[in-house]
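First residue of the sequence shown: 31, per our numbering; consecutive thereafter.
All C-beta atoms in this analysis are idealised placements derived from N, C-alpha and C, irrespective of residue type, glycine included.
These numbers come from a predicted model, not from an experiment.
First up is the structure itself, then whatever we jot down about it.
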Amino acid sequence: MSDVKYKVIVGLEIHVQLATRTKMFCGCALSFGEEPNSRVCPVCMGMPGSLPVMNKKAVEYSILAGLALNCRIAGFTKWDRKSYYYPDLPKNYQISQYDLPLCSDGFIEVGGEGGKLKRIRIRRAHLEEDAGKNMHTAGFSQVDLNRAGTPLLEIVTEPDMNSAAEVRSLAVELQRIVRYLGISEANMQQGHTRFEPNINLVIEKGGQEYKTAIVEVKNLNSFKALERSVEYETARQLDDFMETGRTMQMGNKSTRGWDDVNQVTVLQREKEEAHDYRYFPDPDLVPVQMSEADIERIKASLCELPLQRQARYITEFNLSDYDAGVLTADRATSDFFDEAIAAGGVPKRVCNLLTQTGLRLANEKGCGIAELGFSSGAVVELSKMVENGTVNASVASTILEEMAKSDKSPQEIAEELNLLQKSDAGELELIVDEVIAANTQAVEDAKSGGKKTKKAQGFLLGQVMQKTKGQANPKIVSEIMAKKLG
Ligand code: ZN
Ligand code: MN
């Protein structure tokens with residue numbers, strides 16, 4: 031294998047469920063976990079003679095996504111029927127968009143190797159409706175149409191990704207974007223986002239270049255499955271090529287499923303070509319026309335995007351890439367941080383409180399940092415207490431933890447738990463004297479000016495901190511100590 035080099039090529043199709051109140055072409059409420067077939071009507075059950083009516087909100091949400099993904103927004107689009115014959119699609123077609131997608135030719139930037147940004151092109155993003163759900167129980171099958179007609183935004187990237195990690199980064203970034211925009215909850219457990227990677231390899235062997243057949247892995251609903259399936263396919267396609275020499279041919283694209291138990295992909299079928307779907311314009315729906323003014327109005331509601339915020343935190347507040355990433359992981363946390371800064375919080379102090387203790391508490395509780403139960407104002411107050419030496423940083427962590435449990439202010443908590451930092455020079459001087467009297471060897475070392483000086487000074491300071499249960503203001507103690515030791 032020494033003369034063999036390979037590169038994996040991945041493009042991604044992502045279905046994002048839009049957070050509209052009602053379905054794409056009827057007034058049924060979107061639902062999850064409801065009694066089967068309780069959120070249905072003649073339109074989404076596909077009854078003959080029923081007429082679909084477009085959900086305008088879904089179109090606006092899609093345009094918002096398209097703008098955030100730097101796409102061209104079509105002034106004119108239409109609806110097409112994509113023919114299927116499946117029990118969970120009683121109309122026998124899905125309403126989708128074929129040759130005139132709402133959004134096209136965009137790009138998304140994601141964190142790549144070495145902290146550099148990588149641009150991945152977006153080919154198109156179009157709107158369509160979801161199908162129902164088949165449920166197979168012992169001996170027979172049932173169909174639940176509650177999900178049928180749910181608006182989906184299908185986003186298709188160019189094959190610009192070259193590793194499983196990169197594919198994951200894109201998926202995570204996309205989730206962050208749609209959540210910031212408020213157009214989707216993007217909840218993986220509820221199937222709000224489904225990924226379908228198209229994977230193949232370019233192999234260099236003996237000075238020749240070969241391409242393996244493209245495999246599309248269907249219906250992945252977790253970041254982990256997405257990442258693992260790309261890794262698995264990379265290894266499988268390389269093995270297959272080394273064994274059989276098979277390469278990409280006309281029509282040998284295939285579809286595989288992901289077996290989560292065995293962590294392998296499994297062949298499902300040879301891919302249909304587009305003409306198998308017999309696409310044609312839906313005669314029941316009028317085309318969608320968007321004026322420049324409409325698009326401008328939607329553009330005005332765009333928020334600052336997560337990657338921009340992350341960059342702003344790094345340049346404006348000098349935060350690390352990691353800290354800025356934690357603070358912008360979800361919009362509520364990022365808004366919370368911005369609020370705290372606007373209210374006079376010291377950026378680095380607020381950041382430390384939120385990304386250290388805050389993140390730990392949020393992980394323990396399984397919620398966002400902004401949902402821990404304290405206000406941004408209270409965090410500002412605490413950050414100021416650290417800044418002016420009322421409490422030290424390690425005690426601040428304890429106070430923040432208490433703030434998550436009660437409505438008390440940081441000052442009240444600090445007083446109640448006796449956590450206020452001792453800055454009274456007179457009081458501290460007495461303690462320093464005690465420590466000096468009890469540690470003659472260390473005092474000698476500290477005065478010596480030799481190698482042991484620094485260590486001995488640190489030891490004496492530690493003794494004072496221990497005697498005051500961590501409450502002494504270390505800066506003042508150091509000053510007193512320096513004076514005493516000459
Ligand atoms: Zn309906
Ligand atoms: Mn689709």
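How is asparagine 393 classed by DSSP in three states: helix, strand or coil?
Looking at asparagine 393 - three-state DSSP - the assignment turns out to be helix.
Please report the straight-line C-alpha distance between glycine 41 and methionine 191, rounded to a whole angstrom.
The alpha-carbon atoms of glycine 41 and methionine 191 are separated by roughly 6 Å.
Neighbour flag for arginine 51 against chain D, beta carbons, 7 Å:
Absent here is chain D; the protein component of the structure consists of one chain.
Given the structure, does glutamate 184 come close to the ligand MN, in the sense that its CB is under 6 Å from one of the ligand's heavy atoms?
Inclusion of glutamate 184 in the 6 Å shell around the ligand MN follows from its C-beta lying nearer than that to a non-hydrogen atom of the ligand.
Specify, as a first and last residue, the run of the beta strand (DSSP E) that glycine 141 falls within.
Counting along the chain, the unbroken beta strand (DSSP E) around glycine 141 starts and ends at 133-141.
Pocket of the ligand ZN defined by Cβ to heavy atom distance under 6 Å
After applying the 6 Å Cβ criterion, the set is Lys53, Cys56, Cys58, Val70, Cys71, Val73, Cys74 and Gly179.
Report the rounded CA-to-CA distance for tyrosine 91 versus alanine 444, giving the unit in angstroms.
A straight-line Cα-Cα distance of about 46 Å links tyrosine 91 and alanine 444.
Please list the terminal residues of the continuous beta strand (DSSP E) segment that includes aspartate 174.
It spans 170-174 - the beta strand (DSSP E) in which aspartate 174 sits, taken as one unbroken run.
Apart from the five residues just before and just after lysine 258, which ones in its own chain have a Cβ nearer than 7 Å to its Cβ?
In the sequence under discussion, the amino acid at residue 258 is arginine, which differs from the lysine named in the question. Hits under 7 Å: Gln293.
Minimum length 4: unbroken alpha helix (DSSP H) runs contained in the segment 379-429:
Runs found: 389-395 and 406-417.
8 Å CB neighbourhood of valine 425 in its chain, flanking five on each side removed
For valine 425, where only same-chain residues beyond five positions count, the Cβ hits under 8 Å are Ala444, Leu449, Gln451, Gly500 and Gln501.
Could you say which of Gly388, Asp351, Leu349 and Glu346 lies nearest to phenylalanine 545 if we only look at CA atoms?
Outside the shown range of the chain, which is 31 to 516, sits residue 545, and nothing can be said about it.
For proline 520, count neighbouring C-beta atoms within 10 Å of its own C-beta (all shown protein chains included) and say buried if the count is 16 or more, exposed if not.
No information on residue 520 is available, as it lies outside the stretch 31 to 516 that the chain covers here.
Exposure label - serine 321; buried when at least 16 CB within 10 Å
Exposed is the label assigned to serine 321, since fewer than 16 other Cβ atoms lie within 10 Å of its Cβ.
If we count Cβ pairs, one from each stretch, closer than 8 Å, do we get three or more for the segment 343-361 versus the segment 322-330?
No contact exists between the segment 343-361 and the segment 322-330.
Going by C-alpha distance, which of Asn382, Gly396 and Leu458 is nearest leucine 430?
With distances taken between Cα atoms, leucine 430 lies closest to Asn382.
Please name the residue, chosen from Lys148, Ser113, Ile152 and Pro504, that lies closest to arginine 102 on a Cα-to-Cα basis.
It is Ile152 whose Cα lies nearest to the Cα of arginine 102.
Which complete alpha helix (DSSP H) runs does the segment 289-349 hold, if anything under 4 residues is left out?
Runs found: 322-329 and 336-347.
Taking 8 Å as the threshold, find out whether the segment 202-215 comes into contact with the segment 160-175 through three or more Cβ pairs.
Touching, no.
Which of the three DSSP states is assigned to alanine 155 in this structure?
Under the three-state reduction of DSSP output, alanine 155 falls in the strand class.
Determine the burial state of phenylalanine 170: buried for a count of at least 16 other Cβ atoms within 10 Å of its Cβ, exposed for fewer.
Classification for phenylalanine 170: exposed.
Hey, valine 70 and proline 117: beta-carbon distance below 7 Å or not?
A distance of 7 Å or more separates the beta carbons of valine 70 and proline 117.
List the endpoints of the continuous alpha helix (DSSP H) containing isoleucine 93.
For isoleucine 93, the uninterrupted alpha helix (DSSP H) segment begins and ends at 86-98.
Proximal residues to threonine 223 (C-beta, below 6 Å), its chain only, five neighbours per side dropped
Same-chain partners within the cutoff: Val46 and Ala216.
Unbroken alpha helix (DSSP H) run spanning methionine 511, endpoints:
Following the DSSP letters along the chain, one finds methionine 511 inside the alpha helix (DSSP H) bounded by residues 504-514.
Could you check how far apart the C-beta atoms of glycine 96 and alanine 155 are, in whole angstroms? I think they sit under 8 Å.
The distance from the Cβ of glycine 96 to that of alanine 155 is about 6 Å, consistent with a contact at the 8 Å cut-off.
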